[in-house]
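*Asks:*
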Ligand SMILES: [Fe+2]
């Protein structure tokens, strides 16, 4: 009976999970390569088979007899296998020769290809398959390389064209472009890149040209500014030779550039005084680095000199050695001209100052004499330079402090100080002092002009005049007395004359005095002037003076007068004017006498004047005369009533009489 088969991993209590036999249903562990018999891989197949023969599990499971038979068979097969191997070894020896030859050919081909000959072609036959394949690959490589070389040529040509175009663009041909197609994709791409690059370069070049043009304009502008600046510019080297001048400099001195640069030195163009200044200031410039406001006179080409003001800075090399100057020259002739004018003005002023016929001093706030003219010097008997060390009160008053009422002290405080008059006993002279404050820039008073006029002679004359004046006033008093007497006499004569006129007839007694009374009252009411009233007074007293030449019988006739008699009466104003005409003092009253019988309506006499043509004063007398006549008895009638006279004045106001005179009279009656 056959034993039950066992499992190796159960018999050996093996837990090697990695072993293919572990827990497998197949019991023939030894058939599996890689089984882990007893926790380790057990030897090669043959060794394993031998091991298996002593294995408990193997013996349990296998038919050992059959196995031995098998091993025997295997042994036989091994022997056959070895025979085959020996045959193969011999075969391999022959193949090695073929292989070497084939490889040699292949390497030779590769060598040619690598040396640049892609035309190489080697026979591809070989008994060794590998070599045949290798040779084929060599030939394929040669073909590919040849193709690559061709493409490289096209590539190189394309590159050359690109470089040519780029070169043309860089030299300014912005219209250059890469043309033509390329079979190579890379070249197409490169062409596009190149064309884009050209456009970019084109833009850059255009912008650069614009920038260059702008820079050029800017440079030209600054060059023009430098060349034609308002001031001259020059640069001289360590020995004073001109290195550079601008156009303004050349125009200032009228030289050509090539006459100056490198040929002349600044010292060639200076005066003797200028040379001294140059020697001092050039040393200073080199050591300090700058000099300012140096005044020179520089010789023009025609030999005349131009005054200039020079400002210069020094330029040094990196080691601090002086290289050259940078000098600006400004035309100073106008300023010099002003200076000369000022100097001339100062001389004129000094001459004027000294030729004044009175003393003039300029004083400061502390009474110090700043200037004085010759007049004061002579007056005080002190040279001008000595006066300038004194204070004015020391000089004038011989005091150690100012006078209490010193004009100088007042003049700074008063807007319009009066002149000050004083007697200086030391000099036995009278002076009139004028003090004028000088305000600087609207600030406080800094100085005073003090003028002293010697009025001694005037004062002496004044004393004489006072004596004369007193005598004159006394005389005037006498004259005044005489005048009053004369006035009284005159008035008396006038009144006497008036009375004489009125006395010609008993009917007219007191008429002139009354008319005068009324007329003066009317004139005052009308607001006439004092002068007019006085003239009116005299005229009223004498208004009928012409009646002196009229026959008394006519004046005293009791009945109405006939035409002839009336004509005689009407002549009295003209006669009166004639009687008084020779008297010079009575010329003003002549028109009044002549026109005191004129009427406003022009029907009066002697001239028949109308309205405003009749002077005002005779119009006043006419009202007063008529009123007195109407209120007095006459040889041909008794006196009418006062009311009648008033009604007549009203009735004929504006016809015979002046309305204003009538109104004034009616107000005061
Ligand atoms: Fe009269």
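In the working numbering, the protein residues as written are 1064 to 1732. Just so it is clear, CB atoms sit at the ideal spot from N, CA and C, and this is done for glycine as well.
(1) Determine the extent of the beta strand (DSSP E) in which residue 1354 is found, giving its start and end residues.
(2) So with Cβ pairs under 8 Å, would you call residue 1591 a contact of chain B?
(3) Can you have a look at residue 1725 and say buried or exposed, based on whether 16 or more other CB atoms are within 10 angstroms of its CB?
(4) Using the Cβ count rule (16 or more neighbours within 10 Å means buried), how would you classify residue 1590?
(5) Do you know how far the Cα of residue 1547 is from the Cα of residue 1699?
(6) Can you find a heavy atom of ligand 1 that lies under 7 Å from the Cβ of residue 1660?
(7) What are the start and end residues of the beta strand (DSSP E) that includes residue 1495?
(8) Starting from residue 1432, trace the alpha helix (DSSP H) both ways and give me its first and last residue.
(9) Write down every uninterrupted run of the beta strand (DSSP E) in the segment 1264 to 1341 whose length is 3 residues or greater and which is fully enclosed by it, in chain order.
(10) Please classify residue 1785 as buried or exposed, where buried requires at least 16 other C-beta atoms within 10 Å of its C-beta.
(11) Buried or exposed, going by whether 16 or more other CB atoms sit within 10 Å of the CB of residue 1311?
(12) Whole angstroms is fine: what's the gap from residue 1639's alpha carbon to residue 1599's?
(13) Specify, as a first and last residue, the run of the beta strand (DSSP E) that residue 1422 falls within.
(14) Strictly by DSSP, which residues pair up with residue 1703?
(15) Who are the Cβ neighbours of residue 1672 in its own chain at under 8 Å, not counting the five residues just before and after it?
(16) Where residue 1418 and residue 1386 are concerned, what is the direct C-alpha to C-alpha distance, given to the nearest angstrom?
(17) Would you kindly work out how many angstroms separate the C-alpha atoms of residue 1238 and residue 1273, rounded to a whole number?
(18) DSSP state of residue 1390, grouped into three classes?
(19) Could you check if residue 1655 is buried or exposed, using at least 16 other CB atoms within 10 Å of its CB as the buried criterion?
(20) Which residue comes first and which comes last in the beta strand (DSSP E) that contains residue 1376?
(21) Where does residue 1198 land, buried or exposed, given buried means 16+ other C-beta within 10 angstroms?
(22) I need the straight-line Cα distance from residue 1392 to residue 1285, nearest angstrom please.
(23) Does the Cβ-Cβ distance between residue 1682 and residue 1721 come in under 8 Å?
(24) For the alpha helix (DSSP H) containing residue 1567, name the first residue and the last one.
(25) Give me, in chain order, the residues of the same chain whose beta-carbon lies closer than 6 Å to that of residue 1490; leave out the 5 immediate sequence neighbours on both sides.
(26) I need the DSSP call for residue 1666, collapsed to helix, strand or coil.
(27) Using three-state DSSP, classify residue 1515 as helix, strand or coil.
(28) Just the C-alpha distance for residue 1347 and residue 1296, rounded to the nearest angstrom, thanks.
(29) Alpha carbon to alpha carbon, how far is residue 1410 from residue 1438?
(30) I believe residue 1607 touches residue 1568 by the beta-carbon criterion, under 8 Å. Please report the beta-carbon distance rounded to the nearest angstrom.
(31) Smallest Cα separation from residue 1619: which of 1697, 1081, 1688, 1690?
(32) Skipping 5 residues on each side, what residues in its chain have a beta carbon closer than 6 Å to that of residue 1522?
(33) Just to confirm, are residue 1610 and residue 1564 a CB contact at a threshold of 8 Å?
(34) Could you check which residue in 1407, 1732, 1670 has the C-alpha nearest to that of residue 1705?
(35) Is DSSP giving residue 1486 helix, strand or coil here?
(36) Comparing the CB of residue 1580 with every heavy atom of ligand 1, is any distance shorter than 7 Å?
*Replies:* This is what the structure holds:
(1) Indexing the chain shown from 1 puts residue 1354 at position 291. Residue 1354 -> beta strand (DSSP E) spans 1353 to 1362.
(2) Absent from the structure: chain B. Only one protein chain is present.
(3) The residue you call residue 1725 lines up with position 662 of the chain shown. Buried, by the Cβ-count rule.
(4) Here residue 1590 is taken as the residue at index 527 of the chain shown, counted from 1. With fewer than 16 other Cβ atoms within 10 Å, it is exposed.
(5) Within the chain shown, numbered from 1, the residue matching residue 1699 stands at position 636. Within the chain shown, numbered from 1, the residue matching residue 1547 stands at position 484. Distance between the alpha carbons of residue 1699 and residue 1547: 44 Å.
(6) Position 597 of the chain shown, counted from the first residue, corresponds to residue 1660. Indeed, a heavy atom of ligand 1 lies less than 7 Å from the Cβ.
(7) Your numbering for residue 1495 matches position 432 in the chain shown. That run of the beta strand (DSSP E) goes 1492 to 1502.
(8) Within the chain shown, numbered from 1, the residue matching residue 1432 stands at position 369. Run containing residue 1432: none in the alpha helix (DSSP H); it sits in the beta strand (DSSP E), 1432 to 1435.
(9) If we require 3 residues or more, the beta strand (DSSP E) runs fully inside the segment 1264 to 1341 come out as 1295 to 1299, 1305 to 1308.
(10) In this structure the chain extends from 1064 to 1732, so residue 1785 is not present and cannot be described.
(11) If you number the chain shown from 1, residue 1311 lands on position 248. So residue 1311 ends up on the buried side.
(12) Taking the chain shown and counting its residues from 1, one reaches residue 1639 at position 576. Taking the chain shown and counting its residues from 1, one reaches residue 1599 at position 536. Rounded to whole angstroms, residue 1639 to residue 1599 spans 15 Å at the Cα level.
(13) As a working mapping, residue 1422 is identified with position 359 in the chain shown. 1422 to 1427 is the span of the beta strand (DSSP E), which, as asked, contains residue 1422.
(14) The residue labelled residue 1703 in the question sits at position 640 within the chain shown. In the DSSP secondary-structure assignment, residue 1703 is not bridged to any residue.
(15) Numbered from 1 along the chain shown, position 609 holds the residue referred to as residue 1672. For residue 1672, the CB contacts under 8 Å within the same chain, skipping 5 residues up- and downstream, are 1658, 1661, 1665 in chain order.
(16) Within the chain shown, numbered from 1, the residue matching residue 1418 stands at position 355. Within the chain shown, numbered from 1, the residue matching residue 1386 stands at position 323. Rounded to whole angstroms, residue 1418 to residue 1386 spans 58 Å at the Cα level.
(17) Walking along the chain shown from the start, residue 1238 turns up at place 175. Walking along the chain shown from the start, residue 1273 turns up at place 210. Spanning the alpha carbons of residue 1238 and residue 1273 requires a straight line of approximately 18 Å.
(18) Counted from its first residue, the chain shown places residue 1390 at position 327. DSSP places residue 1390 in strand when its eight states are reduced to three.
(19) Numbered from 1 along the chain shown, position 592 holds the residue referred to as residue 1655. A residue is called buried when at least 16 other Cβ atoms come within 10 angstroms of its Cβ; residue 1655 meets this threshold and is buried.
(20) If you number the chain shown from 1, residue 1376 lands on position 313. Its beta strand (DSSP E) spans residues 1368 to 1379.
(21) Locating residue 1198 in the chain shown gives position 135, counting from the first residue. Residue burial is scored here from C-beta neighbours: residue 1198 has at least 16 other C-beta atoms within 10 angstroms and is therefore classed as buried.
(22) Numbered from its first residue, the chain shown carries residue 1392 at position 329. Numbered from its first residue, the chain shown carries residue 1285 at position 222. Separation of residue 1392 and residue 1285 (C-alpha to C-alpha, rounded to the nearest whole angstrom) is 19 Å.
(23) Residue numbering aside, residue 1682 sits at position 619 when the chain shown is read from its first letter. Residue numbering aside, residue 1721 sits at position 658 when the chain shown is read from its first letter. Annotated as proximal: residue 1682 and residue 1721, with beta-carbon spacing under 8 Å.
(24) For the purposes of this step, residue 1567 is taken as the residue at position 504 of the chain shown. No residue range can be given for residue 1567, since it is assigned to no alpha helix (DSSP H) and is classified by DSSP as neither H nor E.
(25) Along the chain shown, one-based indexing puts residue 1490 at 427. There are no such residues.
(26) Locating residue 1666 in the chain shown gives position 603, where the first residue counts as 1. The answer is coil: DSSP assigns residue 1666 none of H, G, I, E or B.
(27) Against the chain shown, residue 1515 aligns to sequence position 452. Here residue 1515 sits in strand by DSSP.
(28) Here residue 1347 corresponds to residue number 284 of the chain shown, with the count starting at 1. Here residue 1296 corresponds to residue number 233 of the chain shown, with the count starting at 1. Between the C-alpha atoms of residue 1347 and residue 1296 there is a straight-line separation of about 19 Å.
(29) As a working note, residue 1410 is residue 347 in the chain shown. As a working note, residue 1438 is residue 375 in the chain shown. CA-to-CA, the gap between residue 1410 and residue 1438 works out to about 17 Å.
(30) On the chain shown, residue 1607 is found 544 positions in, with the first residue counted as 1. On the chain shown, residue 1568 is found 505 positions in, with the first residue counted as 1. Actually they do not touch by this definition, with Cβ atoms about 10 Å apart.
(31) Counting from one through the chain shown, the residue named residue 1619 turns up at place 556. Residue 1697 is the option with its Cα nearest to residue 1619.
(32) Here residue 1522 refers to the residue found at position 459 of the chain shown. Correct list, in chain order: 1493.
(33) On the chain shown, position 547 is the one that residue 1610 refers to. On the chain shown, position 501 is the one that residue 1564 refers to. Yes, the pair counts as a contact, with Cβ atoms nearer than the cut-off.
(34) Here residue 1705 refers to the residue found at position 642 when the chain shown is read from its first residue. With respect to the C-alpha of residue 1705, the residue from 1407, 1732, 1670 having the closest C-alpha is 1732.
(35) The residue given as residue 1486 occupies position 423 in the chain shown. It is a strand residue.
(36) Position 517 of the chain shown, counting from 1, holds the residue named residue 1580. Look at residue 1580: its beta carbon is at least 7 Å from all of the heavy atoms in ligand 1.
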